[in-house]
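Numbering (this note's numbering), first residue to last: 9 to 482.
We put the CB at the ideal spot given by N, CA and C, even for glycine.
To keep things clear, I will list the structure first and then write my remarks on it.
Here it is, written out as structure tokens:
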């Protein structure tokens, strides 16, 4: 049982990212940045039912733990029903889509609780990714265009001045299903709130670029790589991807970047930690911390602007007496215990790694890898002018072409993806062959010997400063 004796008002030492200004698409590459040019690397947690299932103290505790673990975004379902109900028994829409009397004196209503959650997230340096309405309700015809305008107008007026809001259309639904409703909702919000970025959360194995590449309201793309293992087609017809590629999250970055204009993109729903492979069979093998690390590094090194993590227990906030989906009888882990799981606490190493190097010049580069493998043996590389990073999921031997970065001599390190520990390998030339000790997953880090990102004495990325943007024309 969760026992909270203090109302946590905020995590000490957590930076408020919006001090650098609002979020926007960077002027120098397909990434997100703040108004002053500071990089924003999206590290999200999935808290779908936060506003429905947690009370004030629980929400404060959860958001504090997210901030301490390095997350700067939490994705939530604003409403998961029409109406939706929260833990206090308050409904989201007592008068349907008429919000004129939504604030009732003396009543701590549904939207008062939502206000509180957004405020607590702000104190912990976290943006709330607001999935305005879950896609299944739009698919079922529960909100039409006129109602979407009313709802979007209400949301925008209520939250336009909050510093930590990100708008998300969709919600696990294909964008060609009633797109006029999504356009109406997005444009009604954008007509009032021009200060917050916006995206679309699609169905599994899809990217928002398939339907909304040309939309003026969309700032960055999102894909859902989904929860299936290789060759787990599950009888689906009209399969949107090549069969046997289900776990290749990197390919969605590639497929999204072919659309014009090129926008930032990230995986908004990969396989969740401790969820059954394929999602719906409770007795299937479950995705592990190592699996969720692979999804994160593969998509980010392919060129995405961040990543969203998810945990089966946390995303639906299960606990004794509050049931959840995707569990076999009697083995549901309470959400507050899942906050101690490895995957939840290891994503921050990826964030620190990305921000330790010159950010906006980073590009994916397959050509840096010689004799690459497939599936789990695939190495994936990203680089700047004077650094190269290679993620290795299996600890296999590597043959890397260092002519892709500057310098006749280079320094190399190995970062353990689970612990974030960094070990100096030594100086190397233009070519490098390396086999890590054991079979743990990690990142080969190579820099021009003249660069000052790391030193031979570096053992962790925790204390490294965020690299400043460089003039890409230098």
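Could you spell out where the alpha helix (DSSP H) holding residue 120 opens and where it closes?
The residue you call residue 120 lines up with position 112 of the chain shown. Note, residue 120: alpha helix (DSSP H), 118–131.
Which residue comes first and which comes last in the beta strand (DSSP E) that contains residue 378?
As a working mapping, residue 378 is identified with position 370 in the chain shown. Boundaries for residue 378: no beta strand (DSSP E) harbours it, and the DSSP string shows neither H nor E there.
The beta strand (DSSP E) enclosing residue 314, as first and last residue numbers
One-based indexing of the chain shown puts residue 314 at position 306. 314–317 is the extent of the beta strand (DSSP E) around residue 314.
Taking 8 angstroms as the threshold (C-beta atoms), are residue 144 and residue 197 in contact?
Position 189 of the chain shown, counted from the start, is the residue given in the question as residue 197. Position 136 of the chain shown, counted from the start, is the residue given in the question as residue 144. No, they are not a contact pair.
Less than 6 angstroms between C-beta atoms, sequence neighbours within five positions excluded: which residues of the same chain meet that for residue 322?
Looking up residue 322 in the chain shown gives position 314. Within the same chain, residue 322 has close Cβ partners 343 and 346.
Start and end residues, beta strand (DSSP E) containing residue 178:
Taking the chain shown and counting its residues from 1, one reaches residue 178 at position 170. Judged by DSSP secondary structure, residue 178 falls within the beta strand (DSSP E) whose first and last residues are 173–178.
Can you grab the Cα-Cα spacing for the pair residue 446 / residue 270, in whole Å?
Taking the first residue of the chain shown as position 1, residue 446 is located at position 438. Taking the first residue of the chain shown as position 1, residue 270 is located at position 262. Residue 446 and residue 270: Cα-Cα distance of roughly 39 angstroms.
So, with DSSP's three-state summary, where would you put residue 144?
Looking up residue 144 in the chain shown gives position 136. DSSP, read as helix, strand or coil, puts residue 144 in helix.
Can you tell which of 279, 137, 157 and 383 has its C-alpha closest to the C-alpha of residue 199?
As a first step, residue 199 must be located in the chain shown, where it is residue number 191. Distance check between residue 199 and each of 279, 137, 157 and 383 places 157 closest, using alpha-carbon atoms only.
Relative to the C-alpha of residue 58, which candidate in 96, 34 and 163 has its C-alpha closest?
As a first step, residue 58 must be located in the chain shown, where it is residue number 50. For the residues 96, 34 and 163, the minimum Cα distance to residue 58 belongs to 96.
Given this structure, state the Cα-to-Cα distance separating residue 175 from residue 149, to the nearest angstrom.
Taking the first residue of the chain shown as position 1, residue 175 is located at position 167. Taking the first residue of the chain shown as position 1, residue 149 is located at position 141. Computed Cα separation, rounded: 21 angstroms.
Thinking just about the alpha-carbon of each residue, which of 235, 166 and 314 is nearest to the one in residue 110?
The sequence position of residue 110 within the chain shown is 102, counting from 1. Here the closest residue by C-alpha is 166.
Quick check on residue 129: buried or exposed, where buried means 16 or more other Cβ atoms within 10 Å of its Cβ?
Translated into positions along the chain shown, residue 129 becomes position 121. It is buried - the Cβ of residue 129 has at least 16 other Cβ atoms within 10 Å.
With distances taken from CA atoms, which of 430, 46, 394 and 313 is nearest residue 28?
Taking the first residue of the chain shown as position 1, residue 28 is located at position 20. The shortest C-alpha separation from residue 28 is found at 46.
Mind checking which residues open and close the beta strand (DSSP E) that includes residue 439?
Working through the chain shown from its first residue, we reach residue 439 at position 431. 439–442 is the extent of the beta strand (DSSP E) around residue 439.
Could you say which of 146, 24, 32 and 138 lies nearest to residue 272 if we only look at CA atoms?
In the chain shown, residue 272 corresponds to position 264, counting from 1. Selected option, being the one with the closest Cα: 32.
Compute the Euclidean distance between the alpha carbons of residue 335 and residue 245, then round it to the nearest angstrom.
For this step, residue 335 is matched to residue 327 along the chain shown. For this step, residue 245 is matched to residue 237 along the chain shown. Rounded to the nearest angstrom, the two C-alpha atoms are 26 angstroms apart.
As a quick exercise: from 226, 202, 92 and 136, pick the residue whose alpha carbon is nearest that of residue 208.
Along the chain shown, read from residue 1 onward, the residue named residue 208 stands at position 200. Nearest of 226, 202, 92 and 136 to residue 208, Cα basis: 226.
Using 8 angstroms for Cβ pairs, my map puts residue 307 next to residue 319. What's the rounded Cβ distance?
The residue labelled residue 307 in the question sits at position 299 within the chain shown. The residue labelled residue 319 in the question sits at position 311 within the chain shown. With a contact defined as Cβ atoms closer than 8 angstroms, residue 307 and residue 319 miss out at about 17 angstroms.
Closest to residue 353 by C-alpha separation, out of 297, 376, 305 and 83, would be which residue?
For the purposes of this step, residue 353 is taken as the residue at position 345 of the chain shown. Of 297, 376, 305 and 83, the residue nearest in Cα terms is 297.
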